[in-house]
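Protein chains in written order, with full-length UniProt numbering: chain A, 1 to 200; chain B, 1 to 200.
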DNA sequence: CCGACCGCCATACCGGTGGTATGTTCGTGC
DNA sequence: GCACGAACATACCACCGGTATGGCGGTCGG
């Protein structure tokens, strides 16, 4: 039986995470204090330290929050019933769109490698969006849609290119135009490595 | 007439910058204190604050230091006398090699966007390695070596891909193998957008 | 129904760090 | 050789992450 206290506890925890996501997005990791995070959640630092082991742990919870959101949307598309090539294109479009979310942009892509350390970030990304991209590329190769390429490094190249480009979109004045340019270039490149046997 | 005091002053300033580069590389921006930086340069925080306006300014000086180093090597290659395509390939190889330097890796690529802010980092990068890459791509298009592509976003895609991939190399156990794989994939992609008229 | 228990959270406090204000030394130019 | 100011050193403050301790209120066995 789930007790009333469990409800309270979970409620404050999620409030803390939401508060952290918002403040980390607005002011960055170094620029936000734990007191602010707690204050926005209408609790004190004591409550925060009861739910998390420290500032890093709060950040990782915020990281998981935004990553899970993106992963959910991506997974839905990549496991659809369309042909592999179309699924990949749709996933590409969806991922670029996700990168435009300031929270995902700043927390998951920009600050996470610095705050969590590159190794831990990479490990986590393998379970989230990067893992899905790698999987999608793997499927394309498996289906014979694209030429065989080293999976790990090619995924890394693609992921890095997309993140970097998405940041460019997010900061540009004409997001639509830049977004279309990027999609165009990426699709052209992908079409070049597409196996000749596949239909147009 | 350059005074003796100017020598002293410049000497301590460069000592501070060298110290900052080393410590920022080893422990990151947040993990290093100004006292440590000053101590390694055998001065106190007072001297540091005489030469720099604050911690951010020290970081930017360290950033300029490592960026200038890479830019110098890259410029020498890209302004060589070889044909454009070979110059670009050599520059590509050189840039990947530069990314393996832990100082450049961590300070210029990883932490700078977070510490300096993305806008300021992008502005600075336009004067350094990213600017050179964009220039090289521009030259290739100008020489008719590759198809016309949106310059800004394509440079951004390329830059992001290379940085991401270089980080992967730097952390891998078999750097040579991963490096060759990446170079192979990038060259294959570039060859795909090469104009058919160019010779093999 | 009730009282001991414990999870949940608040309060008080500490060490360290970025930043500032002030003091001190020493080379420089008149 | 002396006053001046640049180049530092020293002392101090405010803030923040982290810890220790106290207390309130649900929970549960009797």
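We treat Cβ as the ideally placed atom computed from N, Cα and C, and that holds for glycine. Quick caveat: nothing in here was measured; it's all calculated off a predicted structure.
Rounded Cβ spacing between residue i and residue j (contact assumed at less than 8 Å)
{"i": "residue 74/A", "j": "residue 95/A", "result": "6 Å"}
{"i": "residue 165/B", "j": "residue 157/A", "result": "5 Å"}
{"i": "residue 138/A", "j": "residue 119/B", "result": "The Cβ separation is near 36 Å, so there is no contact."}
{"i": "residue 162/B", "j": "residue 99/B", "result": "7 Å"}
According to DSSP, residues forming a beta bridge with residue i
{"i": "residue 146/A", "result": "194/A"}
Exposure label - residue i; buried when at least 16 CB within 10 Å
{"i": "residue 82/A", "result": "exposed"}
{"i": "residue 19/A", "result": "buried"}
{"i": "residue 129/B", "result": "buried"}
{"i": "residue 68/A", "result": "exposed"}
{"i": "residue 102/A", "result": "exposed"}
{"i": "residue 25/B", "result": "buried"}
{"i": "residue 181/A", "result": "buried"}
{"i": "residue 104/B", "result": "buried"}
{"i": "residue 160/A", "result": "buried"}
{"i": "residue 136/A", "result": "buried"}
Inter-residue spacing [alpha-carbon to alpha-carbon] between residue i and residue j
{"i": "residue 194/B", "j": "residue 85/B", "result": "10 Å"}
{"i": "residue 44/A", "j": "residue 38/A", "result": "5 Å"}
{"i": "residue 154/B", "j": "residue 97/B", "result": "21 Å"}
{"i": "residue 111/B", "j": "residue 2/A", "result": "44 Å"}
{"i": "residue 183/B", "j": "residue 65/B", "result": "27 Å"}
{"i": "residue 88/A", "j": "residue 146/A", "result": "11 Å"}
{"i": "residue 80/A", "j": "residue 72/A", "result": "13 Å"}
{"i": "residue 179/A", "j": "residue 50/B", "result": "45 Å"}
{"i": "residue 196/B", "j": "residue 186/A", "result": "20 Å"}
{"i": "residue 192/A", "j": "residue 34/A", "result": "49 Å"}
{"i": "residue 168/B", "j": "residue 30/B", "result": "23 Å"}
{"i": "residue 133/A", "j": "residue 90/A", "result": "12 Å"}
{"i": "residue 21/B", "j": "residue 124/B", "result": "17 Å"}
{"i": "residue 58/B", "j": "residue 58/A", "result": "29 Å"}
{"i": "residue 32/A", "j": "residue 55/A", "result": "10 Å"}
{"i": "residue 148/A", "j": "residue 140/A", "result": "9 Å"}
{"i": "residue 53/B", "j": "residue 142/B", "result": "43 Å"}
{"i": "residue 23/A", "j": "residue 8/A", "result": "22 Å"}
{"i": "residue 10/B", "j": "residue 116/B", "result": "24 Å"}
{"i": "residue 63/B", "j": "residue 28/A", "result": "20 Å"}
{"i": "residue 48/A", "j": "residue 5/B", "result": "52 Å"}
{"i": "residue 144/B", "j": "residue 131/A", "result": "37 Å"}
{"i": "residue 151/A", "j": "residue 175/A", "result": "30 Å"}
{"i": "residue 70/B", "j": "residue 173/B", "result": "24 Å"}
Close beta carbons around residue i, own chain, < 6 Å, minus the five adjacent residues each side
{"i": "residue 61/A", "result": "17"}
{"i": "residue 106/A", "result": "25"}
{"i": "residue 15/A", "result": "41"}
{"i": "residue 202/B", "result": "A query on residue 202/B cannot be resolved here, the shown segment of chain B reaching from 1 to 200 and no further."}
{"i": "residue 177/B", "result": "none"}
Spatial neighbours of residue i in its chain, beta-carbon cut-off 7 Å, leaving aside the 5 residues before and after
{"i": "residue 121/A", "result": "112, 113"}
{"i": "residue 77/A", "result": "87, 90, 91, 94"}
{"i": "residue 13/B", "result": "51"}
{"i": "residue 36/B", "result": "23"}
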